[in-house]
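K.L.:
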Amino acid sequence: MGEWFWYSLRDQSNPNFEEFMATHWKPNTTYADLAREFTAVDFNADVFANIVKSSGARVGGVRWGTYLSMADWFHPIYIQDAVNGTIISDNKKSQNYPNLDGVHDTKLLVSNMVQAWATGGNFLLNIGPDPNGRVIPIFEERLAQIGTFINAHEEAIFGSKPWIFQSDNNLTIWYTSQLRNSAGFDPYRFLNPQTEANTMIYAFVTYWPTDNLIPLARVIPTSNTIVSVFSTKGFIRVNYTTPSNLNGGIQVDISPIALVKFPANYILGLKIEYAADQKLSCPEGFTQSAINSNKCYKVLSTPLSYNNADTACRNVSDSLISIDNVFENEDIAYNPSTDPTTTCAVINTSNGKWTNQACSTPQCAVCVYALE
1351 MGEWFWYSLR DQSNPNFEEF MATHWKPNTT YADLAREFTA VDFNADVFAN IVKSSGARVG
1411 GVRWGTYLSM ADWFHPIYIQ DAVNGTIISD NKKSQNYPNL DGVHDTKLLV SNMVQAWATG
1471 GNFLLNIGPD PNGRVIPIFE ERLAQIGTFI NAHEEAIFGS KPWIFQSDNN LTIWYTSQLR
1531 NSAGFDPYRF LNPQTEANTM IYAFVTYWPT DNLIPLARVI PTSNTIVSVF STKGFIRVNY
1591 TTPSNLNGGI QVDISPIALV KFPANYILGL KIEYAADQKL SCPEGFTQSA INSNKCYKVL
1651 STPLSYNNAD TACRNVSDSL ISIDNVFENE DIAYNPSTDP TTTCAVINTS NGKWTNQACS
1711 TPQCAVCVYA LE
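First residue of the sequence shown: 1351, per our numbering; consecutive thereafter.
1) Taking Cβ to Cβ, would you say A1567 is nearer than 7 angstroms to G1599?
2) Out of P1613, D1383, C1646, N1589, point me to the one whose CA is closest to F1554's CA.
3) How long is the line joining the alpha carbons of K1629 and I1576, rounded to whole angstroms?
4) Look up G1635 in the DSSP assignment and say whether it is helix, strand or coil.
5) Could you pull out every residue in the same chain whose Cβ sits closer than 6 angstroms to the Cβ of P1365, ignoring the five residues on either side in sequence?
6) By DSSP, does R1360 sit in helix, in strand, or in coil?
7) My parser needs the beta strand (DSSP E) runs of 3 or more residues fully inside the region 1594-1627; what are they?
8) Taking DSSP's pairing of strands, which residues face A1553 in a bridge?
9) According to the neighbour-count rule (16 or more other Cβ atoms, all chains shown, within 10 Å of its Cβ), is P1487 buried or exposed?
10) Straight-line CA distance for P1512 to T1572?
11) By Cβ distance below 6 angstroms, which residues in the same chain neighbour A1494 in space, the five residues on each side in sequence not counted?
12) Look at the alpha carbon of V1649 and the alpha carbon of L1529, and state the distance between them as a whole number of angstroms.
13) Give every residue of the same chain whose Cβ lies closer than 8 angstroms to the Cβ of T1592, excluding the five residues on either side of it in the sequence, and list them in chain order.
14) Tell me the DSSP secondary structure of D1660 in three-state form.
15) Since I believe L1459 is in contact with I1500 (beta carbons under 8 angstroms), could you give me their beta-carbon distance rounded to a whole number of angstroms?
16) For S1581, which of helix, strand or coil comes out of DSSP?
17) Does the beta-carbon distance from F1535 to G1470 come in below 7 angstroms?
18) Ordered along the chain, which non-local residues of its own chain (more than five positions away) have a Cβ less than 8 angstroms from that of F1393?
19) What is the rounded straight-line gap between the Cα of R1386 and the Cα of R1360?
20) Taking the continuous alpha helix (DSSP H) assigned at W1467, which residues delimit it?
21) Give the straight-line distance between the Cα atoms of K1621 and M1550, rounded to the nearest whole angstrom.
22) Per DSSP, which residues does Y1647 bridge with? Please list them.
23) If you run the structure through DSSP and keep just helix, strand and coil, what is W1558?
24) Identify every run of the alpha helix (DSSP H) within the region 1484-1551, keeping only runs that are complete inside it and at least 4 residues long; order them along the chain.
25) Who are T1591's beta bridge partners in DSSP?
26) In this structure, how does DSSP classify P1565 when only helix, strand and coil are distinguished?
27) Which of the three DSSP states, helix, strand or coil, is assigned to N1476?
28) Can you tell me whether S1643 is buried or exposed? The criterion is at least 16 other CB atoms within 10 Å of its CB, across all chains shown.
29) Using a Cβ-Cβ cutoff of less than 8 angstroms, which residues in the same chain neighbour Y1624 once the five nearest sequence positions on both sides are dropped?
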């Protein structure tokens, strides 16, 4: 990451960076002087566009409005928004010409992607051109492989939202969801509710079961439930059972399907329709967020020290979190009280953010409980 090199060299006076510059470059050479080395003489816009298209990208015609430099990133007029996503470099050692064993395999990259989708985040894969402006073949191959997976599973990706449960089976299965009819729902909701008639569930299985059986403990079936596998040509319906060890969940059998019919041989996708209604509920004393319904909040009305507040929050496996971290960075449709003398925080109706009222920020405490 060139901008971080510049920052460490110029603003942090990192001796390792200074030694590197002194060893490899003439005296008084600055990082900006190295820009001339990036000639991009072999850059071909058509080739580059085809590589991007092969990756499964959907947005085209993007026009750059501005460019934020390192100086802009640290400028006080820019607000640093909370980021929910995954950033990974396809080159483990960030070398310009990596060894093949230094490049992440496709399974790891796609596994990180589906986890990001299931938790409402984004996935940024850092792949850069060489000094001549070319995307080297191993990176081009990874993009094409990712694109093949995305195109085969696009229904579970584009326009989807997290399900009421994000994962299953010790974080090896990740869920997304779609609604058949989203009329009347908040378009900015974090996740989709689970109703039999309206919710379609998608499960990404990030391992290949040796016994061809996939346990989905979070999915409760009805007499109408349909389970299908994403294949190279649409969907293939499969059977499921309800073993007692899954406590009402289902176990899917993929043994009748030939391996060549799967879009990928490292991660498989399932579509579940007409599963039973499920509703998450908060522990006593907590209020459920109307925007992110898998989160419950309790505002401690009496100012407490950090240790005492932390102890108070540990009663039901919840955790202490600061008001600044939660209520200043996301809109929560929950008001603990309209009386500022009895609570640490109330909603600010002018901008939908939470503000401190009865006590100072260091003393205000919020307990957050994740329904999972």
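Ideal Cβ placement from N, Cα and C applies to all residues, glycine included. Everything numeric in this text was worked out from a predicted model, so none of it was measured.
P.N.:
So, to answer that:
1) Position 217 of the sequence shown, counted from the first residue, corresponds to residue 1567. Position 249 of the sequence shown, counted from the first residue, corresponds to residue 1599. Going by C-beta atoms, A1567 is nearer than 7 angstroms to G1599.
2) Position 204 of the sequence shown holds residue 1554. Of the candidates P1613, D1383, C1646, N1589, the one whose C-alpha sits nearest the C-alpha of F1554 is P1613.
3) Indexing the sequence shown from 1 puts residue 1629 at position 279. Indexing the sequence shown from 1 puts residue 1576 at position 226. Those two C-alpha atoms are separated by around 20 angstroms.
4) As a first step, residue 1635 must be located in the sequence shown, where it is residue number 285. Of the three classes helix, strand and coil, the one that applies to G1635 here is coil, per DSSP.
5) Walking along the sequence shown from the start, residue 1365 turns up at place 15. Excluding sequence neighbours, P1365 sits near nothing in its chain.
6) As a working note, residue 1360 is residue 10 in the sequence shown. Residue state, collapsed to three classes: helix.
7) 1600-1603, 1618-1623
8) Along the sequence shown, one-based indexing puts residue 1553 at 203. Beta-bridge partners of A1553 (DSSP): Y1525, L1620.
9) Within the sequence shown, numbered from 1, the residue matching residue 1487 stands at position 137. P1487 is exposed by the Cβ-count criterion.
10) As a working mapping, residue 1512 is identified with position 162 in the sequence shown. As a working mapping, residue 1572 is identified with position 222 in the sequence shown. Their backbone Cα atoms lie some 21 angstroms apart in a straight line.
11) Position 144 of the sequence shown, counted from the start, is the residue given in the question as residue 1494. The residues are S1404.
12) In the sequence shown, the residue the question calls residue 1649 occupies position 299. In the sequence shown, the residue the question calls residue 1529 occupies position 179. Answer to the nearest angstrom: the Cα atoms are 32 angstroms apart.
13) Working through the sequence shown from its first residue, we reach residue 1592 at position 242. Hits under 8 angstroms: P1571, G1598, G1599, I1600, Q1601.
14) Within the sequence shown, the letter at position 310 stands for residue 1660. Three-state result, D1660: helix.
15) Along the sequence shown, one-based indexing puts residue 1500 at 150. Along the sequence shown, one-based indexing puts residue 1459 at 109. With a Cβ gap of about 11 angstroms, I1500 and L1459 do not count as contacting.
16) On the sequence shown, residue 1581 is found 231 positions in, with the first residue counted as 1. DSSP, reduced to helix, strand and coil, places S1581 within a strand of the structure shown.
17) By one-based count along the sequence shown, residue 1535 stands at place 185. By one-based count along the sequence shown, residue 1470 stands at place 120. Cβ atoms of F1535 and G1470: not closer than 7 angstroms.
18) In the sequence shown, the residue the question calls residue 1393 occupies position 43. Excluding residues within five positions, the ones whose Cβ falls inside 8 angstroms are P1479, N1482, G1483, R1484.
19) To locate residue 1386, count along the sequence shown from 1; it is residue 36. To locate residue 1360, count along the sequence shown from 1; it is residue 10. Between the alpha carbons of R1386 and R1360 lies a gap of roughly 19 angstroms.
20) Your numbering for residue 1467 matches position 117 in the sequence shown. From DSSP, the alpha helix (DSSP H) with W1467 extends over 1456-1468.
21) In the sequence shown, residue 1621 corresponds to position 271, counting from 1. In the sequence shown, residue 1550 corresponds to position 200, counting from 1. In a straight line, the C-alpha of K1621 is about 7 angstroms away from that of M1550.
22) For the purposes of this step, residue 1647 is taken as residue 297 along the sequence shown, with counting starting at 1. DSSP output for Y1647 lists T1637, V1718 as bridge partner(s).
23) Within the sequence shown, the letter at position 208 stands for residue 1558. Looking at W1558 - three-state DSSP - the assignment turns out to be coil, as it is neither helix nor strand.
24) 1487-1502
25) As a position in the sequence shown, residue 1591 is number 241, starting the count at 1. In the DSSP output, where bridge partners are listed per residue, T1591 has Q1601.
26) Position 215 of the sequence shown, counted from the start, is the residue given in the question as residue 1565. P1565: strand per DSSP, three-state reduction.
27) Position 126 of the sequence shown, counting from 1, holds the residue named residue 1476. Residue state, collapsed to three classes: strand.
28) The residue you call residue 1643 lines up with position 293 of the sequence shown. Label assigned to S1643: buried.
29) Taking the first residue of the sequence shown as position 1, residue 1624 is located at position 274. Closer than 8 angstroms at Cβ, skipping near neighbours: E1546, A1547, T1572, N1574, T1575, I1576.
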